[in-house]
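The working numbering applies: residue 35 is where the sequence shown begins, and numbers increase by one.
Input: a single structure, listed below in structure tokens.
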Amino acid sequence: MSTGAQVLVGLAIVVGLVGIVLPILPGALLIFGAIAVWAVLTGTGTAWAVFAVATVLLVVSGVVKYTWPGRRMRDAGVPNRSLMVGGLLGIVGFFVVPVIGLLIGFLLGTYLAEAARRRTHADAWRATVHATKAVGLSILVELLGALIAAGIWFGAVLFA
Numbered sequence: 035m036s037t038g039a040q041v042l043v044g045l046a047i048v049v050g051l052v053g054i055v056l057p058i059l060p061g062a063l064l065i066f067g068a069i070a071v072w073a074v075l076t077g078t079g080t081a082w083a084v085f086a087v088a089t090v091l092l093v094v095s096g097v098v099k100y101t102w103p104g105r106r107m108r109d110a111g112v113p114n115r116s117l118m119v120g121g122l123l124g125i126v127g128f129f130v131v132p133v134i135g136l137l138i139g140f141l142l143g144t145y146l147a148e149a150a151r152r153r154t155h156a157d158a159w160r161a162t163v164h165a166t167k168a169v170g171l172s173i174l175v176e177l178l179g180a181l182i183a184a185g186i187w188f189g190a191v192l193f194a
């Protein structure tokens, strides 16, 4: 595989990592696809082994991303409906105030949903904080799996 093609794969991986932190693009899928293209074009046993390890890492982090924070939310008594309202207002906020509007909209939507459900500011705010921590944990778990997968790919490119 040419150096230029490897640079393009690396750029796709970097865009995927950014897509995980700023959920605009499907980051893990982009990283998976970039490493898959690299493995197909490289065609060596090492490339396929790197692809297999990266796939396992991305799948495991994807599963943990949804199960671990969701369990913490359930334990805190925050329903999925509040997250859905927060997510929808986050999407609207993203277009109203680019990038930072996503966070503002999510916080506002989650707070409003919980305020209507719990009836007190303190309880609604506590639930909003739990929801925000859960979403942050979800992003960190996915980012960790993606960074390890990207690191393994980068190591294979450098040393193979």
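The beta-carbon is built from N, C-alpha and C at its ideal position, and this holds for glycine as well.
Residue environment, residue i, which counts as buried when at least 16 other CB atoms sit within 10 Å
i	result
H155	exposed
P132	exposed
V175	buried
F193	exposed
A88	buried
F128	buried
A39	exposed
T78	exposed
Minimum C-alpha distance to residue i - residue among the options
i	options	result
L122	G139, V131, V87 and W82	G139
T144	V87, V112, I134 and W102	V112
G96	F188, G44, A73 and I65	I65
W102	T76, L92, L171 and G79	L171
F92	S116, G120 and L51	The question names Phe, but residue 92 in the sequence shown is Leu. For the residues S116, G120 and L51, the minimum Cα distance to L92 belongs to L51.
R108	T162, V48 and L181	T162
V119	R105, V48 and L137	L137
A180	V90, T37, V41 and I134	V90
Y100	G79, V169 and L142	V169
Whole-Å CB distance - residue i paired with residue j, under 8 angstroms assumed
i	j	result
A147	I69	That pair is no contact at about 38 angstroms.
I47	W187	7 angstroms
Cutoff 9 angstroms: residue i Cβ touching any chain C Cβ
i	result
V191	Checking the listed chains, one finds no chain C in this structure; it contains a single protein chain.
Same chain, Cβ closer than 6 angstroms to residue i, five either side skipped, listed in chain order
i	result
S116	T144, A147 and E148
V43	A68 and W72
Neighbourhood of residue i by C-beta, 7 angstroms cutoff - its chain only, sequence neighbours within 5 removed
i	result
L178	S95
Query raised in the report: Does the pairing of the region 52-64 with the region 82-91 give three or more beta-carbon distances under 8 angstroms?
Result: no
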